[in-house]
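Visitor: Below you'll find the structure I mean.
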Amino acid sequence: MNRLTSCVTPQGRFIYGIHKPNYTVSNVRNNKTIVSLGQDTDHHPLDNSQNYPDGPLTVEGGDWIFEIPNPFPFRGRTYLNKQWADQAATNPARMHLPPPVPTSFSQLITNEALPDNLIAKLPAALQLTLATCSTDPHDLVQLAELSCDFIKDQNQMPTGLRYEHDKQGRLRARLHNHALFEAVANNPQLPDSYKRVMVLTPGAQGNSEIVGEWSSDSKTHVYEYLRRNSYIAHGHYAANMGEDAVRYATSDLSCEDMHALRHLYYQRSYLRLAEELGIDLKLPQHCLSTDQLETLRQQIVARLKQQPPSSTATLWGWNYGFDYAPSGYRLHASHQQIHQQYALLPDQIPAHSSDPLTANGIIPSYGCGDLVRAAMDSYKNEHDSDFFPDYLNCIRNNQRMDGRQDLEDSLIIWQDAQAMLFVPKAQTSQWELQLMALENDDGTPCGNILEADTAMRQSLDLGILKAQQVFAKLGARMVTSIEFPKRIDSFADQQQYLLYAFLPRLPESPGAFSEAQLRFINGHYPEDFAAICRKQL
1 MNRLTSCVTP
11 QGRFIYGIHK
21 PNYTVSNVRN
31 NKTIVSLGQD
41 TDHHPLDNSQ
51 NYPDGPLTVE
61 GGDWIFEIPN
71 PFPFRGRTYL
81 NKQWADQAAT
91 NPARMHLPPP
101 VPTSFSQLIT
111 NEALPDNLIA
121 KLPAALQLTL
131 ATCSTDPHDL
141 VQLAELSCDF
151 IKDQNQMPTG
161 LRYEHDKQGR
171 LRARLHNHAL
181 FEAVANNPQL
191 PDSYKRVMVL
201 TPGAQGNSEI
211 VGEWSSDSKT
221 HVYEYLRRNS
231 YIAHGHYAAN
241 MGEDAVRYAT
251 SDLSCEDMHA
261 LRHLYYQRSY
271 LRLAEELGID
281 LKLPQHCLST
291 DQLETLRQQI
301 VARLKQQPPS
311 STATLWGWNY
321 GFDYAPSGYR
331 LHASHQQIHQ
341 QYALLPDQIP
351 AHSSDPLTAN
361 GIIPSYGCGD
371 LVRAAMDSYK
381 NEHDSDFFPD
391 YLNCIRNNQR
401 MDGRQDLEDS
411 LIIWQDAQAM
421 LFVPKAQTSQ
431 WELQLMALEN
441 DDGTPCGNIL
451 EADTAMRQSL
461 DLGILKAQQV
471 FAKLGARMVT
481 SIEFPKRIDS
491 FADQQQYLLY
501 AFLPRLPESP
511 GAFSEAQLRF
521 INGHYPEDFA
531 AICRKQL
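So in full-length UniProt numbering, spot 298 of the sequence shown is number 298, and the numbers just go up one at a time.
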């Protein structure tokens, strides 16, 4: 038996299991320790005798648990409690997070006639709590000025930071409390003048070179930074909203903002591939136009049919949202200002066993889209059918798991001719959404951004924006987004479709041993979440 199966079937119907628990438990406890727990509202005593039953236990009619194989077996399985999901179906509005609670320590100081400098005297953990939770700019300015030294003009407005040389001789901002600096700089309510000098102005976060830029007559401005000594081999790039286009919330993003962020990703990927393939580039010293970008893409596609590149996969990701726990644990991302990161991955890398200077072979490089390829191959071997056409049929023919006919059954949130935004049947984050590229204008499937024509790129950008707009209206403040692309040299394979996953972090779902085992716990039917998402658009 193949235990790593998919919920997708060639019949166009999702398949899943249902656990209907009835079982007995042997009782091998020796003693009883009956103690008082307190009193109820009528002052009657309560104890813990119910925790010490006599004899074996019988559990009858336990909660049903749906076990839903992920469409892609490498992503594990989702476990849905029917009782929880039934409750959510009757009250879908509960799938929403409240906005931040208005919090002002300065107002408390005023109301209680406390010392004005009390914030400076708070323990570090409480300062960090205020830095992430306060909605009062006055609190945040005080915290910012505790974290570092500012240079100010005659009106006492910040114009820069005080810098000093570190032990390696590098110029760095003089920070008194690094965690506090990071936390307050990433709070949306900090005045923009402070955000700019602390983290947004080019150079404030280091010497990363700006190698691309989108600037328009509107309010959109994006820098492309090179992260040369990156955790991604061969460096990566970051498209960051500029200091004059502050975007600390996805709800503030415009269509042009998203287009600009993604355009720089397409442009850099195409430029690097063109250089690898020896295509003569007469580059203007400005951002390529949409038409120029499409012309370059077509040149690369034509050349690829003659020679493979050394880089064969894209890597794209977006960590939106920032938070710090008072204990000092960072909960998400590097900074709140919206930015996306990307790179190209080599096809293969030198293999070593012990000597780091002498290679003894090669190994293939890894990209997450390779996992999709392996899942497709396994599905083909098992069913003699192509995965993505079957997956699309399952999505379009979806039926509810609770059998109800009076509620909506569609998983699709938005779609056009090129792309589809939908709720996966087996969500790996409780609010996970996915975006699938469909077909280009010429009818060919799109497996990566090099196969994406102009209309496809525009649809993908719009789909990503809509996903983030949905999350913003539902109150999500931390979202991880990733891309699952096909290898660039796989032109003979027209069956792998480009896929994006959007994974919100919810306040009471930090991830623990279940998620580490790829067992994802959920409390709502995916169809009900899709219905709520559609209402946000």
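Beta carbons are placed, not taken as given, at the ideal position from N, Cα and C, and that holds for glycine. Since the structure is predicted, the reported quantities are computational estimates derived from the model, not experimental observations.
Give the DSSP-derived three-state secondary structure of R94 in the structure shown.
Guide: Numbered from 1 along the sequence shown, position 94 holds the residue referred to as residue 94. Helix.
Visitor: Are there 16 or more other CB atoms within 10 angstroms of the CB of T428, so buried, or fewer, so exposed?
Guide: For the purposes of this step, residue 428 is taken as residue 428 along the sequence shown, with counting starting at 1. So T428 ends up on the buried side.
Visitor: Just reading off the alpha helix (DSSP H) that Q298 is part of, what are its end residues?
Guide: Against the sequence shown, residue 298 aligns to sequence position 298. Counting along the chain, the alpha helix (DSSP H) containing Q298 begins and ends at 290 to 304.
Visitor: Quick check on DSSP: helix, strand or coil for Y194?
Guide: Along the sequence shown, read from residue 1 onward, the residue named residue 194 stands at position 194. Of the three classes helix, strand and coil, the one that applies to Y194 here is helix, per DSSP.
Visitor: Check each candidate in S230, F181, L261 and name the one with the smallest Cα separation from S216.
Guide: Reading the sequence shown from its first residue, position 216 is the one you call residue 216. Of S230, F181, L261, the residue nearest in Cα terms is L261.
Visitor: Where in the region 324 to 369 do unbroken runs of the beta strand (DSSP E), each at least 3 residues long, occur, reported from the N-terminal end onward?
Guide: The DSSP assignment places 330 to 332, 339 to 346, 348 to 350, 362 to 364 as complete runs of the beta strand (DSSP E) inside the region 324 to 369, in order along the chain (cut-off: 3 residues).
Visitor: Does W64 come out as helix, strand or coil in the three-state DSSP assignment?
Guide: One-based indexing of the sequence shown puts residue 64 at position 64. Residue state, collapsed to three classes: coil.
Visitor: By the three-class DSSP mapping on this structure, what secondary structure does V479 have?
Guide: Stepping through the sequence shown from its first residue, residue 479 is reached at position 479. V479 falls in the strand class under three-state DSSP.
Visitor: For a quick check, are the C-beta atoms of V470 and L433 less than 9 Å apart?
Guide: Counting from 1 along the sequence shown, the entry for residue 470 is found at position 470. Counting from 1 along the sequence shown, the entry for residue 433 is found at position 433. Yes. Within cutoff.
Visitor: Let me make sure I understand the geometry here. Which of G235, L200, R228 has the alpha-carbon closest to that of H221?
Guide: For the purposes of this step, residue 221 is taken as residue 221 along the sequence shown, with counting starting at 1. Taking only the C-alpha atoms, the option nearest H221 is L200.
Visitor: Inspect the CB distances between the region 86 to 96 and the region 511 to 530 and report whether three or more fall short of 8 Å.
Guide: yes
Visitor: Based on Cα-Cα distance, which residue from L498, L460, K82, R477 lies nearest to L392?
Guide: Taking the first residue of the sequence shown as 1, we reach residue 392 at position 392. It is L498.
Visitor: To which residues of the same chain is S26 closer than 7 Å at the C-beta, ignoring the five residues directly before and after it?
Guide: By one-based count along the sequence shown, residue 26 stands at place 26. Within the same chain, S26 has close Cβ partners P56.
Visitor: Based on Cα-Cα distance, which residue from P71, E67, N31, H44 lies nearest to Y52?
Guide: Translated into the one-based positions of the sequence shown, residue 52 becomes position 52. Answer by Cα proximity: N31.
Visitor: Entirely within the region 360 to 446 and at least 4 residues each: give me those alpha helix (DSSP H) ranges in chain order.
Guide: 369 to 383, 387 to 396
Visitor: Under a Cβ-count criterion, where at least 16 other Cβ atoms within 10 Å of its own Cβ denotes burial, should Y329 be classed as buried or exposed?
Guide: Numbered from its first residue, the sequence shown carries residue 329 at position 329. Answer is exposed; the Cβ neighbour count stays below 16.
Visitor: Among G443, H332, N397, which has the Cα closest to the Cα of E8?
Guide: Along the sequence shown, one-based indexing puts residue 8 at 8. Looking at the sequence provided, one finds Val at residue 8 rather than Glu. Ranking the options by Cα distance to V8, first place goes to N397.
Visitor: To test your reading of the DSSP string, which unbroken beta strand (DSSP E) runs of 3 or more residues are found completely within the region 67 to 145?
Guide: 77 to 81
Visitor: Measuring alpha carbon to alpha carbon, tell me which residue in D370, K466, Q458, N207 is nearest W414.
Guide: The sequence position of residue 414 within the sequence shown is 414, counting from 1. Comparing Cα positions, the closest option is K466.
Visitor: Give every residue of the same chain whose Cβ lies closer than 8 Å to the Cβ of R29, excluding the five residues on either side of it in the sequence, and list them in chain order.
Guide: Within the sequence shown, residue 29 is the residue found at index 29, counting from 1. Correct list, in chain order: Y52.
Visitor: Less than 9 Å between the C-beta atoms of G403 and L97, yes or no?
Guide: Reading the sequence shown from its first residue, position 403 is the one you call residue 403. Reading the sequence shown from its first residue, position 97 is the one you call residue 97. No. Outside cutoff.
Visitor: How is the beta strand (DSSP E) around P284 delimited, first residue to last?
Guide: Along the sequence shown, one-based indexing puts residue 284 at 284. In the DSSP assignment, P284 falls outside any beta strand (DSSP E), carrying neither H nor E.
Visitor: Along the chain, where does the beta strand (DSSP E) that runs through Y225 open and close?
Guide: Within the sequence shown, residue 225 is the residue found at index 225, counting from 1. Element bounds for Y225: 221 to 227.
Visitor: Compare the Cα-Cα distances from G321 to each of A313, N207, Q336, L161 and report the closest residue.
Guide: Here residue 321 corresponds to residue number 321 of the sequence shown, with the count starting at 1. Comparing Cα-Cα distances from G321 to each of A313, N207, Q336, L161, the minimum goes to Q336.
Visitor: Which word fits R162, buried or exposed, when buried means at least 16 other C-beta atoms lie within 10 angstroms of its C-beta?
Guide: The residue you call residue 162 lines up with position 162 of the sequence shown. Classification of R162: exposed, given that the 10 Å Cβ count is below 16.
Visitor: Using beta-carbon positions only, say whether P202 and E145 come within less than 9 Å of one another.
Guide: Residue 202 sits at position 202 when you count from the first residue of the sequence shown. Residue 145 sits at position 145 when you count from the first residue of the sequence shown. Contact: no.
Visitor: Determine, using beta-carbon pairs with one atom in the region 10 to 21 and one in the region 37 to 48, whether at least three such pairs fall under 8 Å.
Guide: Short answer: they don't touch.
Visitor: Nearest chain C C-beta to G203 closer than 9 Å, yes or no?
Guide: No chain C is present in this structure, which holds just one protein chain.
Visitor: Three or more C-beta pairs closer than 8 Å, one from the region 68 to 76 and one from the region 359 to 379: is that the case here?
Guide: yes
Visitor: Pair every Cβ in the region 137 to 154 with every Cβ in the region 102 to 111, then say whether three or more of these pairs are closer than 8 Å.
Guide: yes
Visitor: Output needed for L37: all residues of its chain with C-beta closer than 7 Å, excluding positions within five of it in sequence on either side, in chain order.
Guide: The count along the sequence shown starts at 1 and reaches residue 37 at position 37. Closer than 7 Å at Cβ, skipping near neighbours: L46, D47, N48.
Visitor: Taking E276 as the reference, which of S310, T58, M198, H178 has the closest Cα?
Guide: Numbered from its first residue, the sequence shown carries residue 276 at position 276. The candidate whose alpha carbon is nearest that of E276 is S310.
Visitor: Assign F513 to one of three DSSP states: helix, strand, or coil.
Guide: Along the sequence shown, read from residue 1 onward, the residue named residue 513 stands at position 513. Helix.
Visitor: Suppose contacts are defined by Cβ-Cβ distances below 9 Å. Is Q127 in contact with L143 by that definition?
Guide: One-based indexing of the sequence shown puts residue 127 at position 127. One-based indexing of the sequence shown puts residue 143 at position 143. Contact flag set, yes.
Visitor: Please classify M1 as buried or exposed, where buried requires at least 16 neighbouring CB atoms within 10 angstroms.
Guide: Along the sequence shown, one-based indexing puts residue 1 at 1. So M1 counts as exposed.
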